[in-house]
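Below: one structure, written as structure tokens.
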Amino acid sequence: MIIEGELDRIGRSILATLQREGRIPFSELGRRVGLSAPSVAERVRRMEDLGLITGYRATVDRERLGWRLTAFMRVTCPGDKYQAVRRLALDLPEVIDCHHVTGEDCFFLKIAVSSVDHLEQVIDRFRAFGRTVSSVALSTTVEDKPPAVPERRNR
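For the sequence shown, our numbering assigns the number 28 to the initial residue and increments by one for each residue that follows.
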């Protein structure tokens, strides 16, 4: 299972499978990795307890919900505005991701909106705290790709 912080081959297989198929029954997962359902359930519980698995969620098609455009926004603001930008990012349903970054910019956000007018409204909210630069995604090649499960933890 987990020895000195490392996953064994079966643990890596369980984790990789759960990232692709979060609703797979333990009986089927056990069949694939060669363990009983109770053994798989115990391993998954340990991964949850150790914080390797932090939750389960449904993947939703934003476009079908009316969020037709995906945009990215860089925000540059004075240090005394950081918390205000963070609060706004948490409060706005349009913000999918918000990262505090190094370099010239302070924040990098991924935003989903229904239209260009809607995007402009969101940009204006952030512009109150500093400079913004936005780009609209034309297409998406990779999205929500699960992280690889390494054989050895990077140290």
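Just so you know, even glycine gets a beta-carbon here, dropped at the ideal spot from N, CA and C. These numbers come from a predicted model, not from an experiment.
Run the CB neighbour count on T86, radius 10 Å, all protein chains shown included, and call it buried at 16 or more, exposed below. exposed
Which residue's Cα is closest to the Cα of R154: R58, K108, E178? K108
Alpha carbons only, please: which of S142, D144, C104, F99 is nearest the one belonging to D124? F99
Shortest alpha-carbon distance to Q110 belongs to which of L96, H126, E121, P120? H126
Residue burial classification, A116 (beta-carbon count within 10 angstroms, cutoff 16): buried
Residues bridged to M100 [DSSP beta-bridge criterion]: L136, S161
Between the segment 150 to 168 and the segment 89 to 97, do three or more beta carbon pairs fall short of 8 angstroms? yes
Just to confirm, are V176 and A68 a CB contact at a threshold of 8 angstroms? no
Neighbourhood of M263 by C-beta distance below 6 angstroms, restricted to the same chain and skipping five residues each side: This structure leaves residue 263 out entirely; the chain is present only between 28 and 182.
Three-way DSSP call (helix, strand, coil) for L146 in this model: helix
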